[in-house]
Amino acid sequence: VSVIDSFVKDIFERIADEAARLARSTKGSNKHSTISSGEIQTAVRLLLPGEIGKHAVSE
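Note that full-length UniProt numbering has the sequence shown beginning at 1, numbered continuously upward.
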């Protein structure tokens, strides 16, 4: 079970990091921006390849 927990935690951290990078790059110098659902969906599509990314975004 700890392997699955580690995997899920790692994926969530990667998605959060990528979404934060996207938010910073699209919002300019606004340091108080909120990560939008669109940025999270884009991060998921970038991190999860092919059909699994499409399925994850559709759920």
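Even for Gly, the Cβ is constructed at its ideal location relative to N, Cα and C.
Check	Outcome
Count the other CB atoms, across all protein chains shown, that sit within 10 Å of the CB of glutamate 39; report buried if there are 16 or more and exposed otherwise.	buried
To which residues of the same chain is valine 57 closer than 8 Å at the C-beta, ignoring the five residues directly before and after it?	Gln41, Val44 and Arg45
From which residue to which residue does the alpha helix (DSSP H) around serine 33 run?	Neither: serine 33 is in no alpha helix (DSSP H) and is coded neither H nor E.
What is the rounded straight-line gap between the Cα of proline 49 and the Cα of histidine 55?	10 Å
What residues in its chain sit with their C-beta under 7 Å from that of alanine 19, if we drop five residues either side in the sequence?	Ile35, Glu39, Ile40 and Ala43
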